[in-house]
Amino acid sequence: MRSTPLLAALSAASLLLVGCGSGSSSSGEVRLRMIESLTSPERTKLIKTLLADFEKANPTIKVELISPPLDSADQKITQILQTKKGLDVLEVRDHTAKSFSNNGWLAELPTTDWPGWADLTELAQKKAVEVGGKPFLIPYGFYERTLFYRTDWGMAQPPTTWEELYEAGKKMTSGDKFGYSFRGGKGGADYVVQMISAYNGDKLNPEKSFYLKDKRTIFSTPEAAQAMDLFVKIFKEASPPDSVSWGYPEMVQGFTSGVTGMLIQDPEVIKTVEESSVKAWSTAPIPKGPTGYAFQPVGYAGWGATSFSEHPKEAVKLVQFLSEAKQSIAFAKGNSLIPISKQAQNDPQFSQGAWKAYLQAQQDPKQVITIRPVDYPGWSQFLVDSDRDAQALITGKKTTAEVLKSWDAFWTDQAKKVS
Amino acid sequence: MRPAFTLRKARFIALCLLPGVVFVVLFTYYPMIRGMVIAFQRYNLFDITSTPFVGLENFRAVLAEDRFWTALRNTGTWVAVSLFFQFFLGFGLALLLRRHFRGRGLYQAWVFFPWAMSGFLIGLLWRWMFNGQFGVINDLLLRTGIIDQRIGFLATPGWAMTSVIVANVWYGVTFFAIMIMAALQSVPKELYEAADVDGASKLRQFWHVTLPHIRPTLALIVLLRIIWILNFPDLIYSMTGGGPAGSTDIITTFLIQQVIGGDYGRGGAVGLLILGLLLAFSVFYMNATRFEKAR
Amino acid sequence: MRRALKVIVLGVWLLITLFPLYWIIVTSLKPKAEIFTLPIKYWPGNVTFEHYADLFSFADFGAYLLNSLLVSLVAAAGVTVIGVLGGYTLARFSFPGRGALMLAFLVTQMLPLFIALGPLYLLMSDLDLLNRLAGLMLVYVAMLVPFSTIIMRGFYERVPVALEEAAQVDGASRIVAMVRVVIPVMLPGIAATFIFAFVQCWNELFLAITFIDSEDAKTIPVAMNSFITQYDIDWGSMAAATVVSVLPTLVLFAAIRRYIVEGLTAGAVKG
């Protein structure tokens, strides 16, 4: 009898545990769990309405949507995938596609008996099979950067080169106003890479955009150093000092709150700017390097199904539903993305106003779309490391030469690991 | 005075300790040891189809990184400066609150409120106040004429560390005040009475009666605090994320970055290094303070 | 003169302590546009409760509050019971492995949580405890056992053994003696341990965001973490959520402040 209180406590605890478990689903109903990565409150709302339509069309299927905070979303998705259970449909990004398929977490999606496939644009079909040669995801839209600029800050024409952007930015900078929404925080290194690419001009190999056609890295050239020095100058002379740590939200907010006059970002920002208090603005293609070239990858993300789903049929059904013209166009419009459906090409929304800059870029042979080495093993490490290097560079803790040397060494080494 | 060891008592002891031990073994030691094993494996989420043992490779990779050493130096600053101000401000507060006065209870209730908040929230709170454009701290300093231009507190390497330490001090003074107050109350009244009889001044009393009596307690509190501050990435994480340019990176935020980068192997290696460092420091510290006690 | 100085110093410190609280309240009451207006207003031009309304309409904050409350109460109760039992044995008996056990408990406090997070996640998945409040309760208990046990031990050591021995001489068993005689004396310490554990669970972020992603099992810190979105930190909602989430612990703290000071230091003082 001596141990009674202990036993009582333990059994009370176990009772509680049983009571707290989440309820199981009712019979005959299929529950899908789906996770998104590039989350924002507006987008989550939009996805939920699409899911509601899906549930209405398929009354026996219920979908639970998981929306982790953006910063840690991909890590969360990886973590869940690792357990190989409890997930059916997921958002796969260009950054994560390779690692997810490497680990065998993605199911191959059928394309032949699905009419929606033929409706995808050529680019969408190409990107669907880009990693691993099999359709592990259906893109839901594309991201390409464009230049947003204030038309009421005394700039007659948008800058067409980085040098012009720097000069224009310097002129705009006075007092509380600054020329350029610089990105020094998370994702900042991508901008210096973009400049370096432009400065390397037609020597660059667009299929493996961190390398030149002669197999050296783009970080090994004197042009790379020029680009990087200008990058630092743009930060020091044309950007808010705070922007040393700006990531996506801050740089967009900098533009929409009237702190900065220029911003280079994805089309999804069009909507944000339209809804902001900034009224006099326009868009232009991204600036070029001295030899007249500009390079950028087309970013994408899409929906995929897990290889271990207990309801593979329903999971594929949901992916296909989201990728069909009606839903995918609604999604592209809601997030202002470049759409995946051929039917959208006739849609006026994607060829007017701020979107014109995209058409302009598409028609310019020197605005080149590239493929980044996202499928190299060191990619995710480089994303983390390079941001910190870029920050060290603009704060004067590292020199251009030091940073370029380490990036060159890193990618030279990566090339050996892949071949 | 402790009862002798018998079988009946052994059963009682085992039963009482069992729940706690089970919890700690299952949910702390098991994953912790697994985590340590990973430190010796190539374990990168990029491809976990094969995770071979690679000996000390992860440790070598970590130690070869400049950032690790920067983080280690920053950790020193972060712990030492935070601790210094927390300790002395906390001590001061405890001394002021030692004697009863009207409204002391109410005062304590209000002044101890940071203790009720999480490091994450406190980080956000201060991040908002230190904001370079709309932050209230910039505004106050401008209005009082201390500065004539807004400072990007969290954006400038030198200021960022100062800012996170300010927040940490604000947070931690309470803890020290509570602990030291209790320690002060544990000094037997007779000791002071004796000192009064001897006609010792208040300062001398403090130096010769109070301090020696509470020194062991202080030593322990300080040790716990050092460990805790070092293992406390929450605040930095939500204020600066270790930036700008790694200037507020401490060893624990460095660890988080390794894990987020997907390299669990290196993450494990950093974790083990932290553990080793803390253990070594604790042993050294305890020897040093015990030595003093004996003297 | 010295009195005046003391009052001034205490006053200044109170101001420093409370200003952030004041500021977060003011922010939570400003309309969104006013939060980002220069010059900064020290009192909202238009007081609005929209951020609070948003919390409870848009974000289902009520459910998160309940989840947090449930998890924190159960885990704190569990860990207190374990601490009462474990602390007693550690204080009253000497047995082989006692020192090792104490050391093993202490070491857990030195370990950075992140090293164990990956394997712990897999374990929780195997036990089917992900996305369940029960799972969170279990890891919280585990996280706090060492602390509560050691602090309770410190408390027992302050209670004279003679008390129990007297009761045992009267024929009571050890357990009965413990429950009838020792525990009443220790109530302040038990309360303090409970509150401390409660606050820790209430505030815990990293474990919660790791193990919970289902909407219906989110706790307050998890929900608040999601205010940090891609576009901006929603400072208005964040401020309102901070105010709401701090209130319960503040009330609790004020209610039994006395015991906390005594209780929290028991372990440390006796060391």
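Residue numbers (our numbering), protein chains in the order written: chain A, 915 to 1333; chain B, 81 to 375; chain C, 50 to 320. Just so it is clear, CB atoms sit at the ideal spot from N, CA and C, and this is done for glycine as well.
Residue i (DSSP reduced to helix, strand or coil)
i, result
"residue 1054 of chain A", "strand"
"residue 279 of chain C", "At residue 279 of chain C the pLDDT is 46, less than 50, meaning the model places this residue with poor confidence; the figure from the coordinates comes in the next sentence. In this structure, residue 279 of chain C counts as coil in the three-state DSSP scheme."
"residue 197 of chain B", "coil"
"residue 372 of chain B", "Confidence is the limiting factor: at residue 372 of chain B the pLDDT is only 49, short of 50, which leaves the residue's position unreliable, though a coordinate-based value still follows. Residue 372 of chain B: helix per DSSP, three-state reduction."
"residue 1147 of chain A", "helix"
"residue 208 of chain B", "helix"
"residue 253 of chain C", "coil"
"residue 145 of chain B", "coil"
"residue 124 of chain B", "strand"
"residue 308 of chain B", "helix"
"residue 206 of chain C", "helix"
"residue 314 of chain B", "helix"
"residue 974 of chain A", "coil"
"residue 181 of chain C", "coil"
"residue 935 of chain A", "Confidence at residue 935 of chain A is low in this model, with a pLDDT of 38, below 50, so the placement of that residue should be treated as unreliable; the coordinate-derived value is given next. If DSSP states are grouped into helix, strand and coil, residue 935 of chain A belongs with coil."
Where residue i falls, given that 16 or more other Cβ within 10 Å makes a residue buried
i, result
"residue 317 of chain B", "buried"
"residue 102 of chain C", "exposed"
"residue 284 of chain B", "exposed"
"residue 939 of chain A", "Note that residue 939 of chain A scores 47 on pLDDT, short of 50, meaning its location in the model is unreliable; the coordinates nonetheless yield the value given after this. Its Cβ having fewer than 16 others within 10 Å, residue 939 of chain A is exposed."
"residue 1089 of chain A", "exposed"
"residue 1012 of chain A", "buried"
"residue 57 of chain C", "exposed"
"residue 145 of chain C", "exposed"
"residue 156 of chain B", "exposed"
"residue 86 of chain B", "exposed"
"residue 180 of chain B", "exposed"
"residue 182 of chain B", "exposed"
"residue 227 of chain B", "exposed"
"residue 143 of chain B", "exposed"
Residue of the options minimising C-alpha distance to residue i
i, options, result
"residue 1035 of chain A", "A:1024, A:1056 and A:1202", "A:1056"
"residue 165 of chain C", "B:89, B:293, B:358 and B:110", "B:110"
"residue 262 of chain B", "B:90, B:290 and B:273", "B:290"
"residue 237 of chain B", "A:1325, A:1311 and A:1047", "A:1311"
"residue 990 of chain A", "A:1087, A:965, A:1242 and A:952", "A:952"
"residue 232 of chain B", "B:242, B:132 and B:212", "B:212"
"residue 201 of chain C", "C:232, C:222, C:55 and C:299", "C:232"
"residue 298 of chain C", "C:259, C:246, C:143 and C:213", "C:246"
"residue 396 of chain B", "C:294, C:239 and C:304", "There is no way to answer for residue 396 of chain B, as the model of chain B reaches only from 81 to 375."
"residue 1221 of chain A", "A:979, A:981 and A:1016", "A:1016"
"residue 264 of chain B", "B:310, B:173 and B:92", "B:173"
"residue 340 of chain B", "C:292, C:133 and C:259", "C:259"
"residue 77 of chain C", "B:257, B:353 and B:205", "B:205"
"residue 1223 of chain A", "A:1022, A:967, A:1010 and A:958", "A:1022"
"residue 362 of chain B", "B:333, B:230, B:315 and B:305", "B:305"
"residue 208 of chain B", "B:329, B:243 and B:191", "B:243"
"residue 136 of chain B", "B:295, B:152, B:89 and B:347", "B:347"
"residue 1061 of chain A", "A:1070, A:1074, A:1051 and A:1235", "A:1074"
Residues bridged to residue i [DSSP beta-bridge criterion]
i, result
"residue 1100 of chain A", "Answer by DSSP bridge pairing: none, since residue 1100 of chain A is not bridged."
"residue 1249 of chain A", "None, per the DSSP bridge assignment."
"residue 1176 of chain A", "A:1063 and A:1094"
"residue 1211 of chain A", "A:1284"
"residue 276 of chain B", "Partner(s): none; residue 276 of chain B has no beta bridge."
"residue 361 of chain B", "In DSSP, residue 361 of chain B forms no bridge with anything."
"residue 1125 of chain A", "A:1131"
"residue 1088 of chain A", "A:1091"
"residue 238 of chain C", "Residue 238 of chain C is not bridged to any residue."
"residue 1219 of chain A", "A:1003"
"residue 188 of chain C", "DSSP output for residue 188 of chain C lists no bridge partner at all."
"residue 1202 of chain A", "A:1075"
"residue 1196 of chain A", "A:1063"
"residue 944 of chain A", "A:975"
Interface partners of residue i on chain F, CB under 7 Å
i, result
"residue 993 of chain A", "Looking at the structure shown, chain F is missing, and the protein chains on hand are A, B and C."
Start-end ranges of the alpha helix (DSSP H) lying completely within the region 76-108 of chain C, minimum 4 residues: Here the runs fully enclosed are 81-84 and 99-106.
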